[in-house]
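Q: Here it is, the structure in full.
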Amino acid sequence: MKKVLSLVLVLALAISLVACGGAKNDNVLTMATNAEFPPYEFMEGGKIVGIDAEIGAAIAEKLGKELVIENVDFDSLIPGVQTNKYDFVMAGMTVTDERKEQVNFSQTYATGVQVIIVKEDSKITSVDDLFAEGANNKIGVQLATTGDLYCTWDIEDEGLGSVERFNKGADAVMALNSGKVDCVVIDNEPAKVFVANNPGLKILDTEYITEDYAIAISKDAPELLAEIDKALGELIADGTVKNIIEKYIPAE
Ligand code: GLN
């Protein structure tokens, strides 16, 4: 009986330790992003600015917390949230079924479209040209983005072409400029910024796929998910999110 009792005590102690362990600074919310994705996140005067930075700040304010933004590679965002290194990710991140197995997502706050950037005189004139038998295009993408995933599945794995992966979208665009790749598949808003900065490039009218952006949160933090989702819902309802988006993406 004594043994059982002490075992129960030891177990109870272990459980309470686990429950307390990992508690972070309660006043700080850490948001991870990859500041290579204008106008959602980019560096300006040594600061991370953009739509996600502002929405993240508005959420932190609603929750009464201080926001700290960490700038990391796109492919470390999900692992970082899974290991609770960061509280949440805002990075123009598309909700996909695969990612849903790794993290929780908030409601969506914006839409993205995978588009194709080519040189103005490119023989690639539509999305279909990427899937054409024997086309054998070299497609530049940012590593681990949905552009990478879809082009890998739809084109590289099908033997229709190859995918060149870059750490930054801007590097993929540079490779297009220098003829190392035939096109770049990337989200429409950064695509517009990159094309505006690189004469001789254009975005094809046909779209690859439309996606939803959302905030990624660890599966270990359902309460935080609920809090962030509620704050985001209020910021959508009162027009704050719309105003922030329109500040960076003026209506055409
Ligand atoms: N929306 C894309 C994705 O989630 C790209 C995001 C990004 O490059 N920041 O994969």
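Sequential numbering of the sequence shown, starting at 238, is according to my numbering.
C-beta atoms are modelled at their ideal positions from N, C-alpha and C, and glycine is treated no differently.
A quick note: this is a predicted structure, and the numbers were derived from the prediction, not measured.
#1: If you drop the 5 nearest sequence neighbours on each side, which residues of the same chain put their C-beta closer than 7 Å to that of residue 327?
#2: Would residue 412 pass as a contact of residue 426 if the rule is Cβ separation under 8 Å?
#3: Got a sec? Which residues, its chain only, sit under 6 Å from residue 305 by beta carbon, not counting five neighbours each side?
#4: Quick check: the Cα distance between residue 307 and residue 438, rounded to an integer number of angstroms?
#5: According to DSSP, is residue 387 part of a helix, a strand, or is it coil?
#6: Please report how far the alpha carbon of residue 472 lies from the alpha carbon of residue 387, in whole angstroms.
#7: Would you say the beta carbon of residue 379 comes nearer than 7 Å to a heavy atom of ligand 1?
#8: In angstroms with no decimal places, state the Cα-to-Cα distance between residue 257 and residue 278.
#9: Go through its chain and collect everything with a Cβ distance to residue 353's Cβ below 6 Å, but skip five positions before and after it.
#10: Is there at least one non-hydrogen atom of ligand 1 closer than 7 Å to the beta-carbon of residue 268?
#11: Less than 7 Å between C-beta atoms, sequence neighbours within five positions excluded: which residues of the same chain meet that for residue 383?
#12: Relative to the alpha-carbon of residue 381, which residue among 456, 373, 390 and 374 has its alpha-carbon at the smallest distance?
#13: For the putative contact between residue 450 and residue 349, defined by C-beta atoms under 8 Å, what is the C-beta separation to the nearest angstrom?
#14: Could you check if residue 358 is buried or exposed, using at least 16 other CB atoms within 10 Å of its CB as the buried criterion?
#15: How big is the Cα-Cα spacing for residue 477 and residue 374?
#16: Going by other Cβ atoms of all chains shown within 10 Å of its Cβ, with 16 needed for buried, is residue 415 buried or exposed?
#17: Please classify residue 463 as buried or exposed, where buried requires at least 16 neighbouring CB atoms within 10 angstroms.
#18: Are the CB atoms of residue 454 and residue 321 within a distance shorter than 8 Å?
#19: So, at 7 Å on beta carbons, what are the nonlocal neighbours of residue 465 in its own chain, with the 5 sequence-adjacent residues on each side left out?
#20: Hey, out of 483, 272, 336 and 263, whose CA is closest to residue 300's CA?
#21: Tell whether a beta-carbon distance below 8 Å holds between residue 431 and residue 379.
#22: Ligand 1 and residue 404: does any heavy atom of the ligand fall closer than 7 Å to the residue's C-beta?
#23: Jot down the residue ranges of each uninterrupted alpha helix (DSSP H) in the region 328-415, minimum 4 residues, whole runs only, in chain order.
#24: What residue range does the beta strand (DSSP E) around residue 439 cover?
#25: Starting from residue 463, trace the alpha helix (DSSP H) both ways and give me its first and last residue.
A: Well, looking at it:
#1: Start at 1 with the first residue of the sequence shown, and residue 327 comes out as number 90. Hits under 7 Å: 268, 270, 289, 292, 293 and 452.
#2: What you label residue 412 is simply residue 175 of the sequence shown in a count that begins at 1. What you label residue 426 is simply residue 189 of the sequence shown in a count that begins at 1. Not closer than 8 Å, so no.
#3: Counted from its first residue, the sequence shown places residue 305 at position 68. So the qualifying residues of the chain are 265 and 267.
#4: As a working mapping, residue 307 is identified with position 70 in the sequence shown. As a working mapping, residue 438 is identified with position 201 in the sequence shown. Each residue's CA atom was taken as its position, placing residue 307 and residue 438 some 32 Å apart.
#5: Stepping through the sequence shown from its first residue, residue 387 is reached at position 150. Residue 387 falls in the helix class under three-state DSSP.
#6: What you label residue 472 is simply residue 235 of the sequence shown in a count that begins at 1. What you label residue 387 is simply residue 150 of the sequence shown in a count that begins at 1. One alpha carbon belongs to residue 472, the other to residue 387, and they sit about 31 Å apart.
#7: By one-based count along the sequence shown, residue 379 stands at place 142. Because some heavy atom of ligand 1 lies under 7 Å away, the Cβ of residue 379 counts as near it: yes.
#8: Translated into the one-based positions of the sequence shown, residue 257 becomes position 20. Translated into the one-based positions of the sequence shown, residue 278 becomes position 41. Only weak support exists for where residue 257 lies, its pLDDT of 45 falling under 50; the value from the coordinates is given anyway. Computed Cα separation, rounded: 34 Å.
#9: For the purposes of this step, residue 353 is taken as residue 116 along the sequence shown, with counting starting at 1. Excluding residues within five positions, the ones whose Cβ falls inside 6 Å are 420, 422 and 441.
#10: Here residue 268 refers to the residue found at position 31 when the sequence shown is read from its first residue. Result no, Cβ not under 7 Å from ligand 1.
#11: Position 146 of the sequence shown, counting from 1, holds the residue named residue 383. Cβ within range, chain order: 331, 333, 351 and 448.
#12: On the sequence shown, position 144 is the one that residue 381 refers to. Considering only alpha carbons, the answer is 390.
#13: Stepping through the sequence shown from its first residue, residue 450 is reached at position 213. Stepping through the sequence shown from its first residue, residue 349 is reached at position 112. Rounded to the nearest angstrom, the Cβ distance from residue 450 to residue 349 is 6 Å, consistent with a contact under 8 Å.
#14: As a first step, residue 358 is located in the sequence shown; it is residue number 121 there, counting from the start. Counting the other CB atoms within 10 Å of its CB gives residue 358 a total below 16, which places it among the exposed residues.
#15: One-based indexing of the sequence shown puts residue 477 at position 240. One-based indexing of the sequence shown puts residue 374 at position 137. Within the model, the alpha-carbon separation for residue 477 versus residue 374 is close to 42 Å.
#16: Position 178 of the sequence shown, counted from the first residue, corresponds to residue 415. Label assigned to residue 415: exposed.
#17: As a first step, residue 463 is located in the sequence shown; it is residue number 226 there, counting from the start. Here residue 463 is exposed. Its C-beta has fewer than 16 other C-beta atoms within 10 Å.
#18: As a working note, residue 321 is residue 84 in the sequence shown. As a working note, residue 454 is residue 217 in the sequence shown. It is not a contact, given that the beta carbons lie outside the stated cut-off.
#19: Position 228 of the sequence shown, counted from the first residue, corresponds to residue 465. Around residue 465: 296, 325, 343, 452 and 454.
#20: Along the sequence shown, read from residue 1 onward, the residue named residue 300 stands at position 63. In this structure, 263 is the residue among 483, 272, 336 and 263 with its C-alpha nearest to the C-alpha of residue 300.
#21: If you number the sequence shown from 1, residue 431 lands on position 194. If you number the sequence shown from 1, residue 379 lands on position 142. No, the pair does not count as a contact, with Cβ atoms beyond the cut-off.
#22: Taking the sequence shown and counting its residues from 1, the one referred to as residue 404 is at position 167. At a threshold of 7 Å, residue 404 does not count as near ligand 1, since its beta carbon sits no closer than that to any of the ligand's heavy atoms.
#23: Scanning the region 328-415 for uninterrupted alpha helix (DSSP H) segments of 4 residues or longer gives 334-337, 365-368, 383-388 and 406-414, listed from N- to C-terminal end.
#24: Looking up residue 439 in the sequence shown gives position 202. Secondary structure note for residue 439: its beta strand (DSSP E) is the uninterrupted segment 438-440.
#25: Within the sequence shown, numbered from 1, the residue matching residue 463 stands at position 226. Segment 459-474, the alpha helix (DSSP H) holding residue 463.
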